[in-house]
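Notes follow once the structure below has been shown.
Residue numbers (the working numbering): 6 to 260.
See below:
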């Protein structure tokens, strides 16, 4: 079975539109944005696990690099998986809405560049929308591979710079250039963007992730995270994919 077979059935236009409609609530109503995103991420990881291992994901250990405030922890725990979140910023750990403060799972304060876990110690290592926020994203990817056991899964998803969401809160002004967009945002709002180009936001391209994943010899699949299945072919088209993929998922399995 191909790694993406089960998830491909879920990747419908209806799902894409539902997730897209939730994006606008990221800041105004985090529950309305992160809740559905967390549930969808659990479905994606579970489907990838089932397709790859032909076993049920219940009781597998998921290490989430950059897990944030707890939405993912709650969703994975409710799905029966053992969740460990790694987050370098304590403010992110404690920024969730009250209903997510069940403290499901385990949280570790650490950097994804140097994960404090033994080689081959987890079943699944996930990183959702983190790679574009670190200066050396493929060092992060190498660490994820290191801590994942042979036959396990690495699922790395990130926002592609030249896609429409590459600028994050700076909007489409990132097409003017990252530094120019950040300066424009600062003049308009009176403060630097949270995702500040060159310090907490970097230009990461689709070709970068594909080159890294193929170079590891462990790559199973790559696809646009939020697109319907019939649009996944965009990942294979150089140049066009940089503008249309938006968010790239690369799936790997260490041997």
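Positions of the beta carbon are idealized from the N, C-alpha and C atoms, including for glycine.
Which complete alpha helix (DSSP H) runs does the region 206–245 hold, if anything under 4 residues is left out? Runs of alpha helix (DSSP H) with 4 or more residues, each lying fully within the region 206–245, are found at 211–221, listed in chain order.
What is the C-beta distance between residue 51 and residue 41, in whole angstroms, given that I count them as a contact (C-beta under 8 Å)? Actually they do not touch by this definition, with Cβ atoms about 16 Å apart.
Looking at the unbroken beta strand (DSSP E) that takes in residue 70, where does it start and where does it end? For residue 70, the enclosing beta strand (DSSP E) stretches over residues 66–70.
Does the contact criterion of 3 or more C-beta pairs under 8 Å hold for the region 174–182 versus the region 66–79? Touching, no, given that fewer than three Cβ pairs across the two stretches are closer than 8 Å.
Drop a sphere of 10 angstroms on the beta-carbon of residue 60, count the other beta-carbons inside from all chains shown, and report buried for 16 or more, exposed for fewer. Residue 60 is exposed by the Cβ-count criterion.
Give every residue of the same chain whose Cβ lies closer than 8 Å to the Cβ of residue 23, excluding the five residues on either side of it in the sequence, and list them in chain order. Within the same chain, Cβ atoms closer than 8 Å to the Cβ of residue 23 are found at 41, the five residues on either side in sequence being excluded.
Cβ neighbour criterion (16 or more within 10 Å) applied to residue 227: With 16 or more other Cβ atoms within 10 Å, it is buried.
Could you please give the first and the last residue of the uninterrupted alpha helix (DSSP H) stretch that includes residue 88? Going by DSSP, residue 88 is part of no alpha helix (DSSP H) but of the beta strand (DSSP E) stretching over 87–91.
Within its chain, find whatever has a CB closer than 6 Å to the CB of residue 122; leave out the 5 residues flanking it on each side and keep chain order. Within its own chain, the residues whose Cβ lies closer than 6 Å to the Cβ of residue 122, once the five positions on either side in sequence are excluded, are 152, listed in chain order.
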